[in-house]
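Taking our numbering, the leading residue of the sequence shown gets 93, the next gets one more, and so forth. Here a beta-carbon is modelled for each residue, glycine too, at the ideal position from N, C-alpha and C. Keep in mind it's a predicted model, so treat the numbers as computed, not measured. To keep things clear, I will list the structure first and then write my remarks on it.
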Amino acid sequence: GKDSLWLKSSLAVPELTPVQTEFLSVLTSYRDLLFTERTLDNGEELRAAYCLHALNHVLKSRSRVLHHNSRLRRGATSELRDQGLTRPRVLMLLPFRESALRTVKLLAQLLPAKEVAHMARFLKEFGCEEEKHRFLERPEDYEQTFTGNTDDAFRLGLNVSGKTLRLYKDFYASDILVASPLGLRTVVGAEGEKDRDYDFLSSIEMVIVDQAEVLLMQNWEHVVHLLEHVNRLAVEPHGADFSRVRLWWLHGWAKHFRQTVVLSAVAQAPVSALLSRHAQNYAGLVTSANPIAPGSIAEVTVALTQVFQRFDAASATDVPEARFRFFVEKVLPPLLREGSRGCMVYVRSYFDFVRLRNHLRSLDTSFCQICEYTPDAKVARARGVFFTGRRRLLLYTERFHFYRRYRIKGVQRVVFYELPTLPQFYPELCRMVAAGGTDCTALFCRQDALPLAAIVGNTRAARLLHAARDVHVFVSAGQ
93 GKDSLWLKSS
103 LAVPELTPVQ
113 TEFLSVLTSY
123 RDLLFTERTL
133 DNGEELRAAY
143 CLHALNHVLK
153 SRSRVLHHNS
163 RLRRGATSEL
173 RDQGLTRPRV
183 LMLLPFRESA
193 LRTVKLLAQL
203 LPAKEVAHMA
213 RFLKEFGCEE
223 EKHRFLERPE
233 DYEQTFTGNT
243 DDAFRLGLNV
253 SGKTLRLYKD
263 FYASDILVAS
273 PLGLRTVVGA
283 EGEKDRDYDF
293 LSSIEMVIVD
303 QAEVLLMQNW
313 EHVVHLLEHV
323 NRLAVEPHGA
333 DFSRVRLWWL
343 HGWAKHFRQT
353 VVLSAVAQAP
363 VSALLSRHAQ
373 NYAGLVTSAN
383 PIAPGSIAEV
393 TVALTQVFQR
403 FDAASATDVP
413 EARFRFFVEK
423 VLPPLLREGS
433 RGCMVYVRSY
443 FDFVRLRNHL
453 RSLDTSFCQI
463 CEYTPDAKVA
473 RARGVFFTGR
483 RRLLLYTERF
493 HFYRRYRIKG
503 VQRVVFYELP
513 TLPQFYPELC
523 RMVAAGGTDC
533 TALFCRQDAL
543 PLAAIVGNTR
553 AARLLHAARD
563 VHVFVSAGQ
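Structure, rendered in structure tokens:
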């Protein structure tokens, strides 16, 4: 019907690429979507596609409201329900100001906006000064992720009317909200706080979460918290014309008519859990699911024995305790007994890091630590004592690696306490093992199916998860 057509007269629709065509075929069906194949190459194509879809949705909705206004002026007597309790229809959650800059520029191009109000202020606040020269060579995904303004606390209201795009509008006068989870969390607040406000999320019809793998590294709890507050009934009326408010909002069914779109570079359990809990679209959910082969293990370019050790956990809630017990009882004693030096223990969760650190302190063993909260001077000291062998073991967190991507010298052996969130971290850390290094050990359980498949590929992951034996060895020949 007319509702499914592009408003081509209002939008500067570009020539679509095959990726965009396929992506938009799902978006325009208004089903929820979990797309876990965002890459360095297709990221901007996907951004253009969801911007086009979001803008098209806002313009169609506005066109319907204006048409109904004219009918009412002409004396229409039938019910014309075309609105929510509050104005914002689209929420975009993005990790950095640079992501917001690219998104807003795209929206302005697509409109095409003859006028963009407050664009100069926007470019000043969301752009960045000349790129600092980086002295360390880092992987391409790091360079792309941390380009431009990487501030992660922002929120912006966009008002679309005619061919004018107005930035910095009050949320209740905005059509599209572009924000980081942290930037919006400070407004939404928590239970019991004064001055909290989340009514502006009550009538959201579309949520787009981009670069979910980066948001996982920032603070995924903020994303979950915000989704819990989307489509709650508004506390105040905010001037709503209740004769025009759709009945499903008044009945509290708005979440079943909302489209939730999540884009990520990897499939991860917290992302899937978010959708299963908070994406309740009556139209259903589409998930991208292409087989992974051979996995990031193929990028290990050093001669190295890689041991994958399976432990058992009864359920997802038992995993942290089972992992800790297995590490403390089976993995750690041989490491300490052998008296070898240069062992890096890679820890994904900060809570696990604190628990392991406290345990190592109780044993009075020789170790050093680097986490995302370690001051630069202490990082340098830890790297020094680890390299020279004055400390035999290094506790090293995933978030530190994500944000800094240092090459740690003196590594003879890597132990993955938990498989990395991003599969490229596995070969990166394996490549840190110096010539003559011993091995790499990775702990996993059946609940780690997604990160395991990303590293060893789907076929081998299935074999490792269901085999009778718990230990599997891979040997890379190096180059």
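- Listed in chain order, the non-local C-beta contacts of GLN516 below 8 Å within the same chain comprise PRO231, ASP233, SER388, GLU391, local neighbours out to five positions each way being set aside.
- Closest in alpha carbon position to PHE238, among TYR290, GLU285, LEU215, MET309, is MET309.
- The bridge partners DSSP lists for ALA569 are ALA395.
- Here GLU190 carries a helix assignment [DSSP, helix/strand/coil].
- The beta carbons of LEU455 and LEU487 sit no closer together than 8 Å.
- Looking at the backbone, the Cα of ARG473 and that of TYR509 are separated by about 23 Å.
- For ASN550, the closest C-alpha among the options ASP404, ARG154, ALA381, ALA365 is that of ALA381.
- DSSP, reduced to helix, strand and coil, places MET211 within a helical segment of the structure shown.
- By a beta-carbon distance limit of 8 Å, LEU396 does not contact LEU485. Their separation comes to about 19 Å.
- DSSP places VAL471 in no beta strand (DSSP E) but in the uninterrupted alpha helix (DSSP H) bounded by 468-480.
- Only residues of its own chain outside the window of five on either side were considered, and among them VAL471, ALA474, TYR488, PHE492 have a CB closer than 6 Å to the CB of ILE462, listed in chain order.
- Taking a C-beta distance under 8 Å as the contact criterion, CYS532 and VAL548 do not qualify as a contact pair.
- Judged by DSSP in its simplified three-state form, CYS522 adopts helix.
- In this structure, GLN351 is the residue among ARG402, ALA357, GLN351, VAL399 with its C-alpha nearest to the C-alpha of VAL378.
- Shown here, VAL327 sits in coil according to DSSP, grouped into three states, outside any helix or strand.
- In the DSSP assignment, GLN310 falls within the alpha helix (DSSP H) that extends over 304-321.
- Shown here, VAL196 sits in a helix according to DSSP, grouped into three states.
- A distance below 8 Å separates the beta carbons of GLY434 and GLN504.
- Pairing PHE218 with MET211, the inter-Cα distance amounts to about 10 Å.
- DSSP places LEU511 outside both helix and strand once states are collapsed to three, so it counts as coil.
- ASP444 sits in a helix when the DSSP states are folded into three classes.
- THR169 is not a Cβ neighbour of MET184, given a cutoff of 8 Å.
- The three-state secondary structure of THR113, taken from DSSP, is helix.
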